[in-house]
Amino acid sequence: MSTQKPIADNLFTWPSDSPKLIGSKDSETGRYFFPAKNSNQHERVELSSKGKLWTWTVQRFLPKTPYIDQVSPEDFKPYAVGYIELPGEIMVESRIVDIDPADLEIGMEMELTIEPFIKNDEGEELMIFAFKPSKNS
Amino acid sequence: MTEVAIVGIGIHPFGRTDGVSGLQQGVHAAKEALSDAEIEWKDIEFAYGGSSAAGSADTMVSELGLTGVPFMNVSNGCATGGSALLSAYTTIKSGQFDIGMAVGFDKHPRGAFNADPEAAGLQKWYGETGLMLTTQFFGMKIQRYMHDYGISSDALALVAEKAFNNGSLNPNAWRRDPVSKEDILNGMMVSDPLTKFMFCSPAEGAVALILCKADLANKYTTKPLFLKGAAFRSRPLGSFEVFSPSLEIERGPSPTVGASKATFEMAGISHEDIDLAQLQDTESGAEIMHMAENGFCKDGDQEKMLQDGETKIDGKLPVNTDGGCIANGEPVGASGLRQVYENCVQLRGAAGKRQVPNNPKTAYTHVYGAPGISACTIITN
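This is the structure in C-alpha cells:
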C-alpha cells in the first residue's frame, strides 16, 4: 500500500480519525481565515467539519496548468465545486464528492472528507480535502 | 472647475487578427483617434496606456513618434483601460496638461486564462487541485444569485442572445452571427449554470481615446463629449470575488457598488438620466448582477426586464449595445475603453444599425475584474 500525505502542510489534520480543516482566527477582530494565516495576531483553529452548501458549480472541462491531474481530455471526469458555510466560522471553497451534481441543492448538509487525489513521482498518494453530503441528512 | 472632454476615438477591430501584435493594434487605434480629432501625435502632451499580456504601452512611441511625450504604463487587470482613462481625466483636471491620450490593447492566446496561484497571493495547492478557474467563480456567483432572487436560465440565455444580435450590427465585433436562445441553452455546459455561449472568450483588440480640457474641445470636433464622472474601487470586506479559497459568512457589497455610487455622485446625475449602459458581461450572469450592483434595478427585477426586452437597443435601458464582452471577446487591457468608445459612437449618433433611438444624451460604463476591482464612467454630449 502506498503512503498517503496531504497535498500541502497546514491544510488539514492528517492522519486522523476525525480530520479537520486548519484555519486561523484573528485575535483582534474574531474573523476566521482559511487557509490559516501565519501571524502573531492569528490563533490556529480547527474548523467545523460540518456545514451547508452555499453555492456550487461543475468543472466540466480539463483545467490547464497549474492543475496537476493532467489526464487526456477524453479521460477527464467533471467534478463539482462549491462553497460550504461552516456555521459561525467561514465559507470554504471545496470539491464536492459522493453525489451526482444533478442532485446538488443549495442549503444541503455537507461534511468534510479527505480523499486521494493523484500519486506524485515518489509514488505517494496526495490527499485533498473535499465535502460530501452529510450522512444524517 | 476644469471639465474634461473626449475629442477623438479610435479602435482596432476586436477578435482575432493573426500576424498583428497587440501593440500594433494599439498603434492602429491611436492613429485612428488622432485622425478623428484631426491632430498629430506631436500635439499630444501626455499618454497613459496598458495591456495585460501584450507588452508595454509606452514602447508605442517608436511607431507614433519620438516626441519626448510622458507616456505612463498602467496595469490593473480588467480595469487597465479604465485606469488609463481615469489617470488621463485626473491629469487634465489637475491643470498639468491640456490634451492627452488613453490607450488599451491586448492579445491573448486561445482558451481560458492561465492562473498563477503564487502571483495572486495564494498557495500552490489551490491551483494544483483545480479550484483556481475564473469560470467556476462565475458559475458559483450566479448560481447563488439565481437561488436568492429567482433568476432563470432563460434570462441568462436572453442576455447572450441580445449580445450576439447586437454584435451582428457592429462591424468591429468579433462574433457577428446571431445565436438563438435555444442554441445558447443547449450549448455545451462549461460551469453550471453557464453554457459556452454565455461566456466571453479571451481575444484581441485595442481602443484609444483623446481627452482635453473642455473649453478647448471645439478646436478639435463639432461634437465634443464630456466625461462627467469616473471612479475606481477595489473590493470591500465581504464581497464575493474570483480566486477565494474562503469567504466571509456575512456578505457585503461588491466593488462595483462603491465605484458606481462615486461616479454618479461626481457627475451629479441620477440613474433615470442614463440613456444607455455598457456593463461588464464576462458572462451572462455578470450582466444580470451588474444591472443591480450599478443601481439600475432591484435584485430580481432583471428577470422581467429581460423577458420584456428592456435592455435591447430599442428598450428602456439599452445595455451592451456593441455586443459587450460576449460578442467582442475580452482583450483585458482594451475592454473597459471599448465600452467608452461605444458610448462615444452612440452619443455622436454614429452607431448605424445599432444606434440607440431618440438621440441619447447620457451614457454609462462599468468594468469589473479580478481580484475585485471596478471602474465606471458617465459621459454626456
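Protein sequence lines, in the order shown, are assigned to chains A and B. Mapping of the first sequence onto my numbering: position 21 corresponds to residue 21, and the numbering continues sequentially without gaps. To convert, take the position in the second sequence, counting from 1, and add 1000; that gives my numbering. All C-beta atoms, glycine included, are put in the ideal place defined by N, C-alpha and C.
Which residue marks the beginning of the alpha helix (DSSP H) containing residue i, and which one marks its end?
i: B/R1338; result: 1332-1347
i: B/Q1024; result: 1022-1036
i: B/A1277; result: From DSSP, B/A1277 is part of no alpha helix (DSSP H) but of the beta strand (DSSP E) over 1276-1279.
i: A/M127; result: A/M127 -> not in any alpha helix (DSSP H); beta strand (DSSP E) instead, spanning 125-133.
i: B/R1144; result: 1134-1149
i: B/E1265; result: 1255-1267
i: B/N1320; result: No alpha helix (DSSP H) contains B/N1320, which DSSP labels as neither H nor E.
i: A/E93; result: Careful: A/E93 lies outside any alpha helix (DSSP H), inside the beta strand (DSSP E) at 90-96.
i: B/G1127; result: 1124-1128
For residue i, which three-state DSSP category applies?
i: B/Q1355; result: coil
i: B/A1350; result: coil
i: B/M1101; result: strand
i: B/N1170; result: coil
i: A/G23; result: strand
i: B/K1162; result: helix
i: B/H1290; result: helix
i: B/K1312; result: coil
i: B/W1041; result: helix
i: B/E1272; result: helix
i: B/C1078; result: helix
i: B/Y1048; result: strand
i: A/W54; result: strand
i: B/S1180; result: coil
i: B/I1092; result: helix
i: A/E122; result: coil
i: B/D1418; result: With chain B running from 1001 to 1381 in the structure shown, residue 1418 of chain B is simply not present.
Just to check, is the beta-carbon of residue i closer than 7 Å to a non-hydrogen atom of the ligand FMN?
i: B/G1268; result: The ligand FMN is not part of this structure, which contains no ligands at all.
Could you give the residue range of the beta strand (DSSP E) that holds residue i?
i: B/K1304; result: Element bounds for B/K1304: not the beta strand (DSSP E) but the alpha helix (DSSP H), 1302-1307.
i: A/R44; result: 42-46
i: A/Y83; result: 79-86
i: B/I1249; result: Neither: B/I1249 is in no beta strand (DSSP E) and is coded neither H nor E.
i: B/G1010; result: 1004-1015
i: B/S1062; result: It is not in any beta strand (DSSP E) - B/S1062 instead sits in the alpha helix (DSSP H) that spans 1061-1064.
i: A/Q4; result: 4-6
i: B/H1366; result: 1362-1369
i: B/S1374; result: 1373-1380
Whose C-beta lies closer than 6 Å to the C-beta of residue i among residues of the same chain, with five residues either side of it excluded?
i: B/A1120; result: F1243
i: B/Y1368; result: T1256, Q1280, S1374
i: A/L62; result: P73, F76
i: A/Y83; result: W54, T55, M91, E93
i: B/Y1220; result: V1007, A1037
i: B/A1230; result: L1086, Y1089, T1377
i: B/M1291; result: C1297, Q1302
i: B/A1267; result: K1228, G1229, I1378
Who are the Cβ neighbours of residue i in its own chain at under 7 Å, not counting the five residues just before and after it?
i: B/L1064; result: V1027, A1030, W1041
i: B/P1357; result: D1314
i: A/R44; result: I22, S24, A36
i: B/N1166; result: I1313, N1320, T1321, D1322, G1323, A1327, R1354
i: A/W14; result: P6, I114, M127
i: B/F1296; result: H1271, A1277, L1317
i: B/E1342; result: Q1278, T1321, D1322
Give me, in chain order, the residues of the same chain whose beta-carbon lies closer than 8 Å to that of residue i; leave out the 5 immediate sequence neighbours on both sides.
i: B/I1006; result: L1209, I1210, L1211, P1224, L1225, F1226, L1227, V1340, C1344, I1379
i: B/A1214; result: T1002, E1003, V1004, A1005, P1224, F1226
Give the residues of chain C in contact with residue i, contact being defined as C-beta atoms less than 8 Å apart.
i: B/A1115; result: Absent from the structure: chain C. Protein chains present are A and B.
Contact between the segment 1166-1180 of chain B and the segment 1071-1078 of chain B is defined here as three or more beta-carbon pairs at a separation below 8 Å; is this criterion met? Because the criterion of three Cβ pairs below 8 Å is not met, the segment 1166-1180 of chain B and the segment 1071-1078 of chain B do not touch.
Taking only runs of the beta strand (DSSP E) that begin and end inside the segment 1185-1236 of chain B, which ones reach a length of at least 3 residues, in chain order? Counting only runs of 3 or more, we get 1189-1191, 1204-1213, 1225-1234.
Below 8 Å, can you find three or more Cβ-Cβ pairs linking the segment 1132-1151 of chain B to the segment 50-70 of chain A? The segment 1132-1151 of chain B vs the segment 50-70 of chain A: in contact.
Are the segment 1017-1024 of chain B and the segment 1193-1202 of chain B touching by the rule of at least three beta carbon pairs closer than 8 Å? Judged by pairs of C-beta atoms under 8 Å, the segment 1017-1024 of chain B does not touch the segment 1193-1202 of chain B, as fewer than three such pairs exist.
The segment 1097-1106 of chain B touching the segment 1032-1046 of chain B, judged by at least three CB pairs closer than 8 Å: Contact holds: three or more Cβ-Cβ distances are below 8 Å.
Evaluate the contact criterion for the segment 1251-1269 of chain B versus the segment 1228-1240 of chain B: three or more CB pairs, one atom per stretch, below 8 Å. Contact between the segment 1251-1269 of chain B and the segment 1228-1240 of chain B is present, because at least three Cβ pairs lie under 8 Å.
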